[in-house]
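Asks: Here it is: the structure, laid out below.
In structure tokens:
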């Protein structure tokens, strides 16, 4: 995959609650994260360190007791390594959560400390951060995540 094939989505189109994306010929169905592009992963690691590590930890381990609500009722920042649930969400959902924030994506009055980064990070930078995170997962978890992306892409068609 080349930089040109994943440079910012431009093809994210809302479709009645779901999302469809155009997929370059050399991408797996539903894949929008350039986790196999070394330059993107390196850029994402730097951005993660600046914008994400303060809550999700430099080693992607998240906050302690991330499944137990804080006194505010909000959940702590989850890990982005294999012990968390990040890899349980398809690429497009991870992108939307990062761009718009958890509360905006979940809706229904849900409250979260996870802000949206629209206006702070470009779409490409968000993809790079998520690519960095995915690049740290084992081959087994990446394969499962790729299967989920393909299933989501198939449903959108």
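Residue numbers (mature numbering (1 follows the signal peptide of the UniProt record, and there is no 0)): -25 to -1, 1 to 132. Just so you know, even glycine gets a beta-carbon here, dropped at the ideal spot from N, CA and C.
Taking Cβ to Cβ, would you say residue 83 is nearer than 8 Å to residue 5?
Replies: No; because the gap between Cβ atoms is not below 8 Å, this pair is not in contact.
Asks: Leaving aside the five residues before and after residue 27 along the sequence, list all residues of the same chain whose C-beta is less than 7 Å from its C-beta, in chain order.
Replies: Once the five neighbours on either side are set aside, the close Cβ partners of residue 27 are 104.
Asks: Using a 10 Å radius around the Cβ and a threshold of 16 neighbouring Cβ atoms, would you call residue 73 buried or exposed?
Replies: Buried: at least 16 other Cβ atoms inside 10 Å.
Asks: With a 10 Å radius around its C-beta and 16 neighbouring C-beta atoms as the bar for buried, classify residue 29 as buried or exposed.
Replies: The residue is exposed, with fewer than 16 neighbouring Cβ atoms inside 10 Å.
Asks: Would a C-beta distance cut-off of 8 Å place residue 108 and residue 47 closer than the cut-off?
Replies: Contact flag unset, no.
Asks: In the DSSP output, what is residue 96 paired with across the bridge?
Replies: Residue 96 is bridged to 93.
Asks: Can you tell me which of the three DSSP states residue 124 falls into?
Replies: Note: residue 124 maps to helix in three-state DSSP.
Asks: Taking 8 Å as the CB-CB limit, is residue 42 close to chain C?
Replies: This model lacks chain C altogether; it includes just one protein chain.
Asks: Would you say residue 35 and residue 54 are within 8 Å of each other, going by their C-beta atoms?
Replies: Yes, the Cβ-Cβ distance between residue 35 and residue 54 is below 8 Å.
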